[in-house]
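Notes follow once the structure below has been shown.
Chains as they are written, first to last, in our numbering: chain A, 1 to 813; chain B, 814 to 1003; chain C, 1004 to 1279; chain D, 1280 to 1494.
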């Protein structure tokens, strides 16, 4: 989230797309209700009429996987409206804060010219060979002056400027095309445009709330980018009540991501070393962005400080300048190789992976194409699962079709403690790090995962010290001292924050981290969270800012709650807040100012309000550009870093019942296809299917399917379908049906509802159904998981699997 | 605390009943027998916590007696939820140690085994550490084909965990990277 | 004391069912559900609405209704189904021993320990709320329904805390407070809704059955939500208290009087004892 | 003393009577606790309801068994209950004076049952059946709310009628000086010849005409 939960109440228009906050973030939905009480409009865009839609002022149906067409249509509406009513928009924001005026290489060509492709594609349209499914991005670069600074046309008139390129790009997305792609009625689409575009005015704010409905596509990252583009054109990033807000689905998916339990990054979003990084210098050179523009702060230029401080936290005194601070103790991944979830299970299936450790995750239900993922586990030598329950993953050898006697995997199922049976912190969607305490005992011999990790580390360190082994020092040289008995969670939290190694004091800010080995920080983003007691004496745990409980509304009374818990980075509650003010530092929205330059404060003026992004002076006084995490300081309407194109272009999902109405390029030209043979076609599987969750159950269900109260509320897996489809298939509400895809089939209850309607797309009618995916074969309530149906294909940039749009057929049992 | 509800009402009921027999026979409307207020038999809660479900980060209050959870409800001071709780949040008490389906013992499934066996922690942790070492050492790549020092193993994978605390995630990351694990993934990818 | 009430704003409710579960949590309706071979004895009937009905273990449940007038917009309406805490309460009228009674704050409180299990309240409720489980042979039974969180030892009201359902409601669709204040607040909310285009918006329960202590703000006629438009105490319910019992007393009393008179008269008249 | 007695009720019918009477008393009292609010506390925990059910079974089953064992008695009894003639009307007219003052003027001779007894017998049959039917339906508990309320109402009306008449019945046999003999009839089965002549003239004539002695 760029903003935070409470801030939604400040919004004038809330657009929920690819998300269903009333059902999946129900308690936080209260802030939307407050906004609505203030007169804000709620827009719900969803293939299915949800509980969020039931509360929305405007509901627009769209076929699963067509967000880009929809949003590009909205962007076209906004750009057309800017031509006619520029006063209704914040043109200063667009020209000064985004890369709209940047000139792009004149050789750049877009889908309007190249039938759905961008310039530089290695293959041809609908290329099948994975090695050719990628772009040479050289034509996507900016034109730069002699000093290396990008050239800008502040009038936005140059045909090669991003603004004009974007205009040309989206011109094809007329309301009629939107209808042809998305199935959204034209009038409804225009109502959405008109309602949300009204937030483009100075002083008005609109927020986009998204979740997995956005990301879990072969072009999920581009979906998000399309939202960003819209929000930047409406000047909604950085302001109160604005932003684009990813609503996280798990209590600590934000924190676990910040600490980077992901193959490609190290804690604090530092890119992992690869084989070619022979030295620390090589590594840093590769991963540190540069900028020649003196007005761009380019915050990531500090990468070296964060990397060295991380290595000091991990290897302590064993990390020295001479050994590149222990960089080579760490694994280096093969350049260009993907080690993400899908690849991981493919490698397991191929017998490469022999051992799996699984901490509270349940891929046997939650993984895509889970029949295959379950079968891959058969090939493991050993598996360790820590959980509260006997999950499907831990009992994969008991699954209905398992050949148990021939599965030679050793399985260790370790009983874990739940969140209030131990102490530690979690980070919510708002980036708030909040401390939790031990409140009760766990069952029997259950232990917390911190203890288990500590025990394993201690035993492994001992084994390697005694017996040696390849790169044994990677393990034995670790700085691992959290106490002899139960590890001290506060010691870990402090290590994450980091120390000034000269004084031994806790660091107060990542701004003071150094690259010379004199500071440590396990995660630079969390530096400032756990400080010396005298720096935060009033917190319930002095020094531990995540334990704070002050209910002061915060500066300007916009509900920042700056002294409630702690928020990364450096307690900044709304990121990119430099964009919330004009060039003089005055807020666009006087009613809800986030920050404000007060020339009278201090000796030469000072910022007031939220923790200012990057400090310095207002831009008119020579201050830097507002988007400090971007190397050029401007927010990107045009994103050359993307795999499938610098501007979002509509492609159909891998499996689609229709041709792409925008071009001949059917699907995303840049994502990897693992199993072409598992591709379902519309002659056999004519119905679009999506998977999702409901309020009463949770994720893979391992938690809630052992909880009688919620099982009672939502007892069985179901497939929702329209009355029209049910009539066609002669299916009665409440009866069991089979939903089948090219990968598998599920047996679930038919829930026939008015809330699904066949999509009417330019005369063609397409049915969509939806299956909840919470169920599996263990626990108190069992049933088929919808992920038996989902394919092993992922987003071209992040490899997030496609869970939301694929093809099925529905049959009576 | 140990005031028993039924005993209490039996005692008071007898008194009320006696009075009725003696004096109330002629009255046309029954005397109500309202329950006598007694102190709450469970605390609302004193330990704050954060909901383990979605990323809203709602606050809750856990009340426990002798280490046993008796009540969990929303933390009225928490700015995100102001005491509120959805169906899952409201059901948190069933996630406590009292839930008979919670795991309370280390379980082990031997190769080709049909059932779980209960084991001791020490035995399991030693065996897991040994398994990790065996697999790691057998698969470890110190230098790749081009002579680069890479120090990785592709034979061990690690999944999880968005359900864990930050400190746990951090240590799991630290340990795995020290082991040379590159197949390091979790829920955020899904 | 000022009467208290709950105000339920159906137009704000998202049917997350926090209230449905919080009610069970607080009131300890937490028997683990019996299982059939490790599966739960509860099925999806093609609706989000579960469990099927109120029960002694379920005092509050959400009702889901899909409404789509031809040519009009689809709406998904949510309603709370639980005791309405009537002022003129059928259950209180028929309860043989005052186990159901009006709390001094107006709502219908319940003393489960004194419940005889007769089930009269179940038949007398115009909203079909009370439920009991009954041993079919012995007839042993205890009724259950929402107690406004005033059950013995679990009395939130006495502690000055709002009922569990109200506290847990994320969009604050449930409010607890002085009934008069809530009525005023609800009326202004109804006006707001009318301005927003919900011409049928109305406050349900202000005057129904002498005034309910659970009032609903609805965007449409109550019957669309499955609520009785003009709930009434049935003639039979009224008759039990107002006719049958007095007639019974009268008949019995009259007979005793006549017999007493006969005894006196017969003695005075010196009616001979029958010779044997 | 015994010489001048005739047998009014045989042993089986006396057993039936007392079984039925005791069960009625218990049903009456256990039912009353729900009817009289002030007694309601006695019903707590449902023991009275349990007792009511057990005794209700006896109350219903006893006459059924009797009827099965001696169907002719059932026919005879029903015939008796529904045979009304002019004498009954005369009895009703004369009875108040008789019961208040002892003046026998206008009292017609009576059969095995006098008109009052016959009326009581009729009430017992009609409302006994009503009790049984409504009681069983309530026990089953599957009727809809409104039907169920009707059942309670009918059960209650039956209670009022039978309860009131039961008071009269008890009074007459225990307290009324003229009727003491009827106690003997049900207690020992025999009544004096004088009592028989005076109270059941028709019957006495019938039984003496045929066999000379009661059967």
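No residue lacks a Cβ here, since even glycine has one placed at the ideal position from N, Cα and C.
Same chain only: Cβ atoms within 6 angstroms of residue i, ignoring 5 sequence neighbours per side
i: residue 1487 of chain D; result: none
i: residue 1102 of chain C; result: 1114, 1117, 1118
i: residue 1305 of chain D; result: 1334
Below-7 angstroms beta-carbon distance, residue i vs any chain A residue
i: residue 969 of chain B; result: yes
i: residue 853 of chain B; result: no
i: residue 883 of chain B; result: no
i: residue 1193 of chain C; result: no
i: residue 1002 of chain C; result: Residue 1002 of chain C is absent from the model: chain C starts at 1004 and stops at 1279.
i: residue 1024 of chain C; result: yes
i: residue 935 of chain B; result: no
Cβ shell of residue i (< 7 angstroms), same chain only, five flanking positions each side left out
i: residue 277 of chain A; result: 283, 286, 332
Short CB-CB distance (under 7 angstroms) between residue i and chain B
i: residue 1158 of chain C; result: yes
i: residue 312 of chain A; result: no
i: residue 330 of chain A; result: yes
i: residue 816 of chain A; result: The displayed coordinates of chain A run from 1 to 813. Any statement about residue 816 of chain A would go beyond what the structure contains.
Proximity test, Cβ basis, 7 angstroms: residue i and chain C
i: residue 48 of chain A; result: no
i: residue 906 of chain B; result: yes
i: residue 1310 of chain D; result: no
i: residue 850 of chain B; result: yes
i: residue 1480 of chain D; result: no
i: residue 844 of chain B; result: Caution is warranted here: a pLDDT of 43 is assigned to residue 844 of chain B, below 50, making its placement in the model unreliable, and no coordinate value can be reported.
i: residue 1412 of chain D; result: no
Neighbourhood of residue i by C-beta distance below 8 angstroms, restricted to the same chain and skipping five residues each side
i: residue 567 of chain A; result: 4, 430, 431, 432, 433, 573
i: residue 315 of chain A; result: 325, 326, 329, 477, 478, 479
Beta-carbon neighbours of residue i, restricted to chain B and to distances below 8 angstroms
i: residue 1173 of chain C; result: 894, 897, 898, 899
Beta carbon proximity, residue i to chain D, threshold 7 angstroms
i: residue 1239 of chain C; result: yes
i: residue 954 of chain C; result: With chain C represented from 1004 up to 1279, any question about residue 954 of chain C goes unanswered, as that position is not in the structure.
Contact list for residue i against chain C, beta-carbon separation under 8 angstroms
i: residue 902 of chain B; result: 1021, 1171
i: residue 1316 of chain D; result: 1099, 1100, 1101
Contacts that residue i makes with chain A (C-beta to C-beta distance below 7 angstroms)
i: residue 1048 of chain C; result: 734
Chain C contact residues for residue i, given Cβ-Cβ distances below 7 angstroms
i: residue 698 of chain A; result: Residues of chain C passing the Cβ test: none, with the nearest at roughly 13 angstroms.
i: residue 887 of chain B; result: 1170, 1171
Under 8 angstroms by beta carbon: chain A residues contacting residue i
i: residue 799 of chain B; result: Nothing about residue 799 of chain B can be reported from this structure: the residues present for chain B run from 814 to 1003 only.
i: residue 1079 of chain C; result: 49, 51, 53, 54, 755
i: residue 980 of chain B; result: 424, 425, 450, 489, 492, 493, 496
9 angstroms Cβ cut-off: residues of chain A touching residue i
i: residue 930 of chain B; result: None at all; the shortest Cβ gap to chain A is about 10 angstroms.
| message | List, from N- to C-terminal side, the beta strand (DSSP E) runs of 3 residues or more that fit wholly inside the stretch 219-304 of chain A. | response | 244-246
Report the start-end ranges of each alpha helix (DSSP H) in the stretch 1097-1184 of chain C that is 4 residues or longer and not cut off at the edges. Those alpha helix (DSSP H) runs which fall completely within the stretch 1097-1184 of chain C and span 4+ residues are 1123-1127, 1167-1171.
- If you scan the stretch 726-762 of chain A from start to end, which runs of the beta strand (DSSP E) of 3 or more residues do you find wholly inside it? 736-740, 745-753, 759-761
Residue ranges of each alpha helix (DSSP H) within the stretch 1347-1407 of chain D, 4 or longer = 1350-1361, 1365-1380
- Do the stretch 634-644 of chain A and the stretch 728-748 of chain A touch if we need at least three Cβ pairs shorter than 8 angstroms? no
Inset, instruction - Entirely within the stretch 891-961 of chain B and at least 4 residues each: give me those alpha helix (DSSP H) ranges in chain order. - result: 900-903, 934-952
message: Threshold first: 3 residues or longer. Then list the beta strand (DSSP E) segments lying entirely within the stretch 561-637 of chain A, N to C.
response: Residue ranges of uninterrupted beta strand (DSSP E) with 3 or more members, entirely inside the stretch 561-637 of chain A and ordered along the chain, are 595-598, 606-609.
Would you call the stretch 969-978 of chain B in contact with the stretch 355-364 of chain A, where contact means no fewer than 3 C-beta pairs closer than 8 angstroms? With contact defined as three or more Cβ pairs closer than 8 angstroms, the stretch 969-978 of chain B and the stretch 355-364 of chain A are in contact.
- Task: Please confirm if the stretch 705-723 of chain A is in contact with the stretch 903-915 of chain B, defined as three or more CB-CB distances below 8 angstroms between the two stretches.
- Result: yes
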